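One structure is given below, encoded as structure tokens.
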Ligand SMILES: Cc1cc2nc3c(=O)[nH]c(=O)nc-3n(C[C@H](O)[C@H](O)[C@H](O)COP(=O)(O)O)c2cc1C
Ligand code: SF4
Ligand code: SF4
Ligand code: FES
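Protein chains in written order, with the numbering used here: chain G, 684 to 1162; chain R, 43 to 493.
Listed below in structure tokens is the structure:
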């Protein structure tokens, strides 16, 4: 540890990191474009200038991202000279910027806007024509590039060089005509393209699925955990007007995903924006299903289970630890073995984040005493029983394609069950609509928070489970 | 004044001066052989240090001192390299060119001595892409030297091993900046690296590396042969030795001349054995002291000793000692615009201030030259230059672009003001200069205008 004085405060800082990191730790925001804590600093944008004095020498303005902290260093991020240098730098950066902020998806979370505001760089003295470059360069399925907005920080290039280690982007052209492009104009590939839009400090790299979808300040952001594999990356779930999830982005988590996430997770939100989702409940009525309240569906389900002599229980790997506890109580009440459906690992596994295991709470369920079972074996358990409880988000999807025979089914999922033996369907919230805990592949806790209100006709799964267990004991008593 | 000792150009006579046979006839490689057999590497460094030799690549850094920055091989067993900067792209500069043309073996002998001194296993010569002939000459010299057992394994039977490789640049000025050059040698875009780390610790492929200019290294065999005392009999106390001055522009005899450092620029301009005076007896309007990056000084300042300190005291820099002379038929605003265009074209584009500032400077100078100058432009130019330099960017190109602009405003403000007031350049409007000569736009600009 090294002692420095930062804006008048004496601090002990980690000398293996650049000065800007020390400022971050101290909660002092130094503007940055090319610097990203997850990438090697290159010191090219020059916006991070702060005033530094070493060994009693006169203070100099230096780039904080390339400055090594030394014992006794005195740093002033608010010195007039530092502000001047940053303002100058901003004027240069904005000289050719298209200023199409009103229709830019980055507006509101663009640091070119923020730092211009912060440094009060309001006027440009340039009257020269602005550079015109390509505004819509299609880089494949995920990313659209606007070369005019690019400030050439090379974060995108370095993200690929250093993180995915599959460089596809480069800067080409010369001098003020430099631009970012892909090698030979080929589309980007791989499962980590979305991060490029996150690292881009401006609106040069935008996510195609998010283009013109929302003004970012209208999004309500909640931190949560990604559902798409057992890594459980920390995410921000971003909801527009209490309705659809418009965007999922990674949130820094040093133990799990650092600053990144894969595209499978990032673009999984259509799953939770299902307009056809089940609300309330459904019960069998003749050859048909009849819409009922959740309470009625639960009572009907209890009746079915009470009269079953052999009941199977198959849980979804998306159940939270808290839900699993209630499922366990129900399982014990019906005398069923605790099983969760675990599909085969998928081909998405890589050496960065994706584990290839689509069960976000495998660890939590196993710790709670649930045993993994393949979808095919699960179907066999169902067909071998009088009745079966299928519980948890996506459980029906996981079993799709397997015959469930004519076993009487009680399902608790976000969708309705259309199998022939269905007796009762009870609606449940999506994972973005509940609080709870998952335990990831390495034992790290992932928290879910309520990012969007549950529809009034859907009740939390734990509550439905408690009610079902209660009503079952009553039904059992009356049988 | 012509009675000084010449050594740099002493062998550059005859049609075959570039051949091994001619070089050997003049005692070539004898110093190398003596050094390898009789001197310790540290002694070679000592001699160069004592000689006071300063780098000829532009910054004038003491060469011997630079060599001592290389880590001790006993403590740091990594590979070590010497990179020779033959990118020579600074406008006006053409001195390394004659060395590679006419005395490439002299350069190779210097490289081998430097590698021996610093215990480098290989040297890379980075040659400006346009220097095809110079590249071929040097490459041919390497072939000859290798065949004669002077390059490769066990040189002259002494057990010393050293490889020399050549690399052609692709025409980018920035690849002459030492870390841009190393990136380019590694096969990457020539983007200068932020420093620290410095090349001696983290150079080519991350290994300890020293970068020296062609002319710098070319001096080394002479110093090792004749000693540091001899070297210090020439030039000034702080800038010893002779140097190669490229004199171009409106002079009677443009060319590269050898002279002792500290020779008065007026002498270099006027003496018959140097440039022979301003063309057609006209007046000197302006001059660049050492390549475009040093900016223009008024013609009246030409009475200055050409050594690092004297030129600095006169308010400019020795740079690469490439004197570009402009007579009174030239428009300094136009000259400035061309220089600004050069930097706008050559900035690598990494640093915000440099990328945008070089373009901005050029746009404004171009407007002024074309008659679209505005009140306030001069203050704006000053302030843009202040935003770019000094030392605000990764490398010194931003400084090299800002300095000429500042010099222009300091020394030729009246010319700028006149252009702004009169709506452009008189010379351009009439197609004729004050002296009545026609001035066509350069071919490239014409092509641009037609396109
Ligand atoms: C933009 C820029 C261009 C340069 N171009 C050259 C060049 O063409 N040749 C050269 O020898 N040095 C050039 N230099 C200087 C080198 O960076 C380096 O200082 C020099 O090669 C060191 O050699 P020396 O110590 O022998 O002078 C350039 C520097 C800058 C900033
Ligand atoms: S596209 Fe974005 S991340 Fe890439 S260099 Fe440009 S501004 Fe930086
Ligand atoms: S100062 Fe200019 S040339 Fe040098 S690294 Fe920065 S942008 Fe490139
Ligand atoms: S953030 Fe430090 S130079 Fe870009």
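All C-beta atoms in this analysis are idealised placements derived from N, C-alpha and C, irrespective of residue type, glycine included. All of these numbers come straight from a predicted model, not from anything done at the bench.
Quickly, what does DSSP pair residue 277 of chain R with across the bridge? List them, please.
Residue 277 of chain R is bridged to R:282.
Minimum Cβ-Cβ distance from residue 787 of chain G to chain R less than 8 Å:
No, residue 787 of chain G lies away from the interface with chain R (no Cβ there is under 8 Å from its Cβ).
As assigned by DSSP and simplified to three states, the class of residue 52 of chain R
It is coil, neither helix nor strand.
Name the DSSP bridge partner or partners of residue 665 of chain G?
The first residue shown for chain G is 684 and the last is 1162, placing residue 665 of chain G beyond what the model contains.
What are the uninterrupted segments assigned as beta strand (DSSP E) that are 3 or more residues long and contained completely in the segment 1056-1130 of chain G, given in chain order?
The segment 1056-1130 of chain G contains these whole beta strand (DSSP E) runs: 1070-1074, 1091-1096, 1105-1110, 1119-1122.
For ligand 2, is there any heavy atom lying closer than 7 Å to the beta carbon of residue 933 of chain G?
Not so, every heavy atom of ligand 2 lies at least 7 Å from the Cβ.
Interface residues of chain R around residue 725 of chain G at Cβ under 9 Å?
Result: 233, 235, 236, 392, 436.
Taking only beta-carbon atoms, is residue 1086 of chain G less than 8 Å away from chain R?
Not a single C-beta of chain R is nearer than 8 Å to the C-beta of residue 1086 of chain G.
Tell me, please, whether the segment 194-204 of chain R touches the segment 229-238 of chain R by the rule of three or more beta-carbon pairs shorter than 8 Å.
Because the criterion of three Cβ pairs below 8 Å is not met, the segment 194-204 of chain R and the segment 229-238 of chain R do not touch.
CB contact flag (residue 1048 of chain G, residue 1019 of chain G, <8 Å)
With contacts defined as CB atoms closer than 8 Å, residue 1048 of chain G and residue 1019 of chain G fail to qualify as a contacting pair.
Those residues, in chain order, that have a beta-carbon closer than 7 Å to some heavy atom of ligand 4:
Going along the chain, the residues that qualify are G:703, G:715, G:716, G:717, G:718, G:724, G:726, G:727, G:728, G:729, G:730, G:731, G:746, G:747, G:748, G:749, G:836.
Would you kindly report the start and end of the unbroken beta strand (DSSP E) that includes residue 889 of chain G?
888-890 is the extent of the beta strand (DSSP E) around residue 889 of chain G.
Please find out if some non-hydrogen atom of ligand 3 comes closer than 7 Å to the beta-carbon of residue 396 of chain R.
True, at least one ligand heavy atom lies under 7 Å from that Cβ.
Which word fits residue 745 of chain G, buried or exposed, when buried means at least 16 other C-beta atoms lie within 10 angstroms of its C-beta?
Counting Cβ neighbours within 10 Å, residue 745 of chain G comes out buried, since at least 16 surround it.
Taking the beta strand (DSSP E) that residue 380 of chain R falls in, what are its first and last residues?
Looking at the DSSP string, residue 380 of chain R is not in any beta strand (DSSP E); the run it does join, the alpha helix (DSSP H), is 374-388.
My output table needs one value for residue 61 of chain R: the three-state DSSP class, helix, strand or coil.
Of the three classes helix, strand and coil, the one that applies to residue 61 of chain R here is coil, per DSSP.
9 Å Cβ cut-off: residues of chain G touching residue 386 of chain R
In chain order, 858, 859 make up the part of chain G whose C-beta sits under 9 Å from the C-beta of residue 386 of chain R.
Just checking my contact of residue 822 of chain G with residue 871 of chain G at CB under 8 Å: how many whole Å lie between their CB atoms?
5 Å between Cβ atoms; contact.
Would you say the beta carbon of residue 809 of chain G comes nearer than 7 Å to a heavy atom of ligand 5?
As presented, the structure is devoid of ligand 5, carrying ligand 1, ligand 2, ligand 3 and ligand 4 as its sole ligands.
List the residues of chain G whose Cβ lies closer than 8 Å to the Cβ of residue 424 of chain R, in chain order.
The premise fails here: residue 424 of chain R is roughly 12 Å from chain G at the closest Cβ pair, so nothing lies under 8 Å.
Would you verify that the beta carbon of residue 389 of chain R is, or is not, closer than 8 Å to some beta carbon of chain G?
Cβ-Cβ to chain G under 8 Å: yes for residue 389 of chain R.
Please report whether the beta-carbon of residue 699 of chain G lies at a distance below 8 Å from any beta-carbon of chain R.
Not one chain R Cβ lies under 8 Å of residue 699 of chain G.
Can you list, in chain order, the stretches of the beta strand (DSSP E) that have 3 or more residues and sit fully within the segment 251-328 of chain R?
The qualifying runs are 251-255, 284-291, 297-302.
State the DSSP-derived secondary structure class of residue 165 of chain R, mapped to helix, strand or coil.
The three-state reading of DSSP puts residue 165 of chain R in strand, counting E and B together.
Is the shortest distance between the beta-carbon of residue 819 of chain G and the beta-carbons of chain R less than 8 Å?
Chain R places no beta carbon closer than 8 Å to that of residue 819 of chain G, leaving this residue out of the contacts.
Since residue 906 of chain G sits in a beta bridge, which residues does DSSP pair it with?
Residue 906 of chain G has G:919 as its beta-bridge partners, per DSSP.
Ordered along the chain, which non-local residues of its own chain (more than five positions away) have a Cβ less than 6 Å from that of residue 316 of chain R?
Listed in chain order, the non-local C-beta contacts of residue 316 of chain R below 6 Å within the same chain comprise 299, 310, local neighbours out to five positions each way being set aside.
Strictly under 8 Å for the Cβ-Cβ distance: is residue 808 of chain G near chain R by that measure?
Using beta-carbon distances, residue 808 of chain G counts as an interface residue toward chain R, with a partner under 8 Å.
Thinking just about the alpha-carbon of each residue, which of R:376, R:425, R:259, R:108 is nearest to the one in residue 410 of chain R?
If we check each option's Cα against that of residue 410 of chain R, R:376 comes out closest.
Run through DSSP, which three-state label would residue 709 of chain G get?
Residue 709 of chain G sits in coil when the DSSP states are folded into three classes, being neither helix nor strand.
Is residue 438 of chain R a contact residue of ligand 1, with contact defined as CB to any heavy atom under 7 Å?
True, at least one ligand heavy atom lies under 7 Å from that Cβ.
May I have the straight-line CA-CA distance separating residue 755 of chain G from residue 903 of chain G, to the nearest angstrom?
Their Cα atoms are separated by approximately 43 Å.
Quick one: is the Cβ of residue 387 of chain R within less than 7 Å of any heavy atom of ligand 3?
No, ligand 3 has no heavy atom inside 7 Å of this Cβ.
Could you tell me whether the segment 318-333 of chain R touches the segment 359-377 of chain R, using the rule of 3 or more Cβ pairs below 8 Å?
For the pair of segments examined, the segment 318-333 of chain R was found to touch the segment 359-377 of chain R: the number of CB pairs separated by less than 8 Å reaches three.
When we look at the beta-carbon of residue 392 of chain R and count the other beta-carbons within 10 Å, is it buried (16 or more) or exposed?
Classification of residue 392 of chain R: buried, given that the 10 Å Cβ count is 16 or more.
So if I threshold CB-CB distances at 8 Å, which residues from the segment 394-405 of chain R count as touching chain G?
When CB distances to chain G are screened at a threshold of 8 Å, the residues of the segment 394-405 of chain R falling below it are 394, 395, 397, 398, 399, 400, 401, 402, 405, in chain order.
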